Amino acid sequence: MSITRCNICLRLVKVNVNALRNYHSENVFGFKKKPKKVYQVPDEVQAARCNESNFYRLVTAYRQHGHKCSSIDPVQFSLNSRVFKKSTGSISKGIKARYSD
């Protein structure tokens, strides 16, 4: 009977998973049970979600997908806007830049 490569890989995976499970199980020194977190949404929040459902959907969409279109470049090298015109040294035609020593 020949052992194929897939069978060997499956056996190795099973061994590694079992080793990890034993480390994080009870009756092992240093093991601490995680406290169970019970989270319930208050009735006022559920009522507000029902009344303002479109706003809730908008906020949820920004939380889940806002990072896709955000710009986190603080210097914004990609923008080509200039405060000063290159030809003149002023912001507008009537205002000249003053320099003091």
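Be aware that the sequence shown starts at 12, since it is given in the numbering used here, and climbs by one per residue.
Just so it is clear, CB atoms sit at the ideal spot from N, CA and C, and this is done for glycine as well.
Owing to the predicted nature of the structure, the values given are computational and were not obtained by experimental measurement.
In this structure ARG60 touches TYR67 by the C-beta definition: roughly 5 Å separates them, less than 8 Å.
Secondary structure at GLU55: helix, using DSSP grouped into helix, strand and coil. DSSP places VAL70 within a helical segment (H, G or I) once states are collapsed to three.
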